[in-house]
Amino acid sequence: MTSLLHRVKSKMAIFAHRKARGMLDGEYGSVFRGRSLDFDDLRAYVAGDEVRDIDWKATARHGSPLIRRYVAVRRQTVILVTDTGRNMAAVSRSGETKKDIAIMALGVTGYLAHRHGDVVGLVSGDAAATHTIPAKSGEAHLERLLRHVDGHTSLDSAASRLEDQLDHVARTVKGRNLLFVVADEVPASPAMGQVLRRLRAQHEILWLTIRDAELATAGGGQPGAGYFSVADSTVLPPGLASDASVAAAYADAAASRDHARRAMLRQAGVTEGTVDSSQDVITALFTLLERHRRAG
Amino acid sequence: MELMFWWLLPAAALAAGAAAWTARRRRTPDARRRPAAHTERLTMLPEYQAALRRHRRWLAVAATAAASLLVSAAVAAARPVDITTTVPEQRNRDIMLCLDVSGSMSSADAAVVDVFAGLAREFDGERIGLTIFDSTGIQVFPLTDDYEYAQEQLALARDAFEGKPGTSGFLDGTWSGRGSSLIGDGLATCLSGFPRTGAGTAENGTPRSRSVVLATDNYVSGRPVMTLGQAAALAKDRTVRVYALNPGDLDYGSGEDQPGAQLRAAAETTGGAYYPLDSAEAVPGIVAAVEKTETAALKGAPQAVAADQPALPLGVAAVAGLVLCAALWRLRL
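Quick mapping for you: the protein sequence lines, in order, are chains E and U.
With full-length UniProt numbering applied, the first sequence corresponds to residues 1 to 296, in that order.
With full-length UniProt numbering applied, the second sequence corresponds to residues 1 to 333, in that order.
The structure is reproduced here in structure tokens:
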């Protein structure tokens, strides 16, 4: 089995060639500030860095923008929160398994944190149980986290219940941390909103939503065999979803559902990003970090 | 209504059961069907539930149609038949009309010929022949089942007997001057018109009944080659029944030598019957009676006749097939 982290790194390498090298690191560093006043060194400015970190004098001397780097006061703790229930074994909007997208997103974030010198922990689980892997540094640890997610998510897992994991974090994690939540299109609920507000008071929260499969399209564009529900294995006959009135009602319902979830997250002060496929993970993360920095 | 191959039904039920059991046991989920989470996004929509109800209704229609198609096809394969018991009327009679054409007989002859012209219209398998005689016998037409021709000839004969102008040639050759009304010779001529294939069996092996309808008054003038008694013996020998019609039964007393009594005796020795006629109008009734006795004599053994009745099950199968097609089209399968 090839290393999951290796896959993440190669994806990031491709991205780094496409966009400015180091841009993600800059975004991450800006978001997860852990600076002290102890100057470390200078490095070249990359897009996404805080403008106020530019050492203008050094820049003037050097001719190109330079950034001051400080020795971190303390190690940040990044807690990856994800769902390893049955839902994540379902397909995403792009047709990939949502688990693979989640692993890619968790890996990229964890690797960025690792490069920044932060420790990464994992809280994952389903309706039956919640597992915690304490925060540590190192690529081997990161690989272990990803393997845990990969190994625990299957169609035979228990049902998904992300509220349990969030509740677990609220009850057990002390101190101010960075929460990176990878979820699917969970419905908005008052209980979830409450636990998110409670968590937001303590932590920084980034929320990445993996888009679920489109169940009905007006043109009947979905392939012939249709879907079955991971919850109870009921079959959704493909002919029904292509019905025009059903598709229209579905589009309305999906829009209002998305709106409700966004409203819940916004109300709780959580920044949300969305991702359709593993190709888009890095772009989506970049957008998410950018949005969080602006908001923050 | 009975089923000829009734054992097909349990066999079909067994086969259907085995097929259903195999399909149930081997049911594997469609590998192309993909897992989806949060399906309540779709399934909780009232529009989807309405569509699902419609879908299920059509599935039920398709299942019902398939089941009734199977059942009706199995029933049709089991051959539903109507079994009726019939006593077949064997229509393998040979009837020779043997008419004395001496002047006194013409009205009775016309009546006999008229009745047989009518009967020939309904004949199916019978053969009919016409021989006329006076002093010489003439075979007008031999035993034939060409009823059209027979009717034509019988019509000609009737016209001749009724004395229509231009028909006198019909009787040519019956008078040779050796006498008149030579009954024994005439009857013998008639008997020679039957094929000589032994007693009562026809050429293809099936027995055919032979009867002669002899219309005469039995007034012989002249010397016949065969007497009536000899001819009757010949008829008996060849198993030909003679039915004698006498329009002029003018016997004095009950002496055995009276012409009517002689004719009666001759007819009855052959197993036939004797009918004295008061008028020509009585002929149809007598011929009907003769017909009836001949028919009754020839009733075969009762037979069970099975008539296939596939219309109902096959009609149901056709309708069920059409409904099934419509349902499958509606389900887009």
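A virtual CB, placed ideally from N, CA and C, is assigned to each residue, including glycine.
Evaluate residue i with the Cβ neighbour count: other Cβ atoms within 10 Å of its Cβ, from every protein chain shown; 16 or more gives buried, anything less gives exposed.
i	result
V51/E	exposed
Y149/U	exposed
R53/U	exposed
D308/U	exposed
I83/U	exposed
K292/U	exposed
K174/E	exposed
M12/E	buried
F286/E	buried
P190/E	exposed
R196/U	exposed
A327/U	buried
S233/E	exposed
S229/E	buried
residue 338/U	This structure leaves residue 338/U out entirely; chain U is present only between 1 and 333.
L152/E	Per the sequence shown, the amino acid found at residue 152/E is His instead of Leu. So H152/E counts as buried.
G95/E	exposed
H62/E	exposed
H6/E	exposed
S256/E	exposed
W6/U	exposed
Tell me which residues share the same chain as residue i and place their Cβ nearer than 7 Å to its Cβ, disregarding the 5 neighbours each side in the sequence.
i	result
R262/E	E272
D237/U	none
Q267/E	G193
T97/E	A89, V91
E268/U	Y274
R200/E	A268, G269, V270
L234/U	A188, L191
A170/E	V195, R198, L199
In whole angstroms, what is the alpha-carbon distance linking residue i and residue j?
i	j	result
A16/U	T64/U	14 Å
G118/U	G321/U	51 Å
L112/E	G226/E	38 Å
A295/E	L288/E	10 Å
V316/U	E214/E	43 Å
L171/U	G271/U	30 Å
L263/U	P302/U	36 Å
A18/U	R26/U	12 Å
I205/E	R56/U	46 Å
G200/U	Q230/U	Because G200/U sits at a pLDDT of 48, beneath the cut-off of 50, its placement in the model cannot be relied upon, and the following sentence gives the value as read from the coordinates. Near 19 Å, if we compare the C-alpha coordinates of Q230/U and G200/U.
A260/E	L42/U	16 Å
A74/U	P10/U	10 Å
A253/E	V281/E	26 Å
T132/E	R161/E	15 Å
Q165/E	I79/E	12 Å
A12/U	A306/U	23 Å
T109/E	Q49/U	41 Å
Y28/E	A284/E	13 Å
Would you please state the rounded distance, in angstroms, between the beta carbons of residue i and residue j? I believe it to be under 8 Å.
i	j	result
residue 345/U	D134/U	Nothing can be reported for residue 345/U: it is not among the residues displayed for chain U, which extend from 1 to 333.
R176/E	Q194/E	In fact, because the Cβ distance is near 20 Å, the residues do not count as touching under 8 Å.
L145/E	V120/E	7 Å
E185/E	D212/E	5 Å
V112/U	A215/U	5 Å
V81/E	L179/E	6 Å
Within the same chain, show all residues whose beta-carbon is closer than 6 Å to that of residue i, passing over the 5 residues directly before and after it, in chain order.
i	result
T136/U	T174, S176
A216/E	A241, V246, A247, Y250
L3/U	A78, P80
M105/U	none
E224/U	The question names Glu, yet the displayed sequence has Pro at residue 224/U. So the list reads L182, G184, D185, once near-sequence residues are dropped.
R21/E	Unreliable positioning characterises R21/E in this predicted model, as indicated by a pLDDT of 49, which lies under 50. A coordinate reading is not provided.
A231/E	none
residue 366/U	With chain U covering 1 to 333 only, the question about residue 366/U has no answer from this structure.
V101/U	I132, D134, L171, T174
Identify, in the order they occur along the chain, each residue of the same chain with its Cβ nearer than 8 Å to the Cβ of residue i, setting aside the five sequence neighbours on each side.
i	result
A158/E	G85, R86, D126, A127, A128, A129
F194/U	D94, M96, L143, R210, R238, V240
E126/U	R91, N92, R93, D94, I95, D145
D100/E	S278
S168/U	A160
Y141/U	With the sequence shown as reference, residue 141/U is identified as Phe, and Tyr is not the correct amino acid for it. Closer than 8 Å at Cβ, skipping near neighbours: G129, L130, Y149, A150, Q153.
Looking at chain U, which residues of the segment 81-101 of chain E have a Cβ within less than 8 Å of any of its Cβ atoms? Those would be R86, N87, M88, A89, A90, V91, G95, K98, in chain order.
For the segment 7-41 of chain U, list every residue whose C-beta sits within 9 Å of some C-beta in chain E, in sequence order. If the cut-off is 9 Å between Cβ atoms, the segment 7-41 of chain U has P29, D30, A31, R32, R33, R34, P35, A36, A37, H38, T39, E40, R41 near chain E.
Would you list, in chain order, the members of the segment 171-188 of chain E that have their beta-carbon closer than 9 Å to a beta-carbon of chain U? Flagged, chain order: D184, E185, V186, P187.
Any residues in the segment 249-277 of chain E with a beta carbon nearer than 8 Å to a beta carbon of chain U? Which ones, in chain order? For the segment 249-277 of chain E, which is checked against every Cβ of chain U, the residues closer than 8 Å are A249, Y250, A253, A254, R257.
Output needed in chain order: residues of the segment 46-60 of chain U with a Cβ under 8 Å from some Cβ in chain E. When C-beta distances to chain E are compared with 8 Å, the residues of the segment 46-60 of chain U below that value are P46, E47, Y48, A51, L52, H55, in chain order.
The segment 307-333 of chain U: positions lying closer than 8 Å to chain E by Cβ: Cβ contacts with chain E come from L331, R332.
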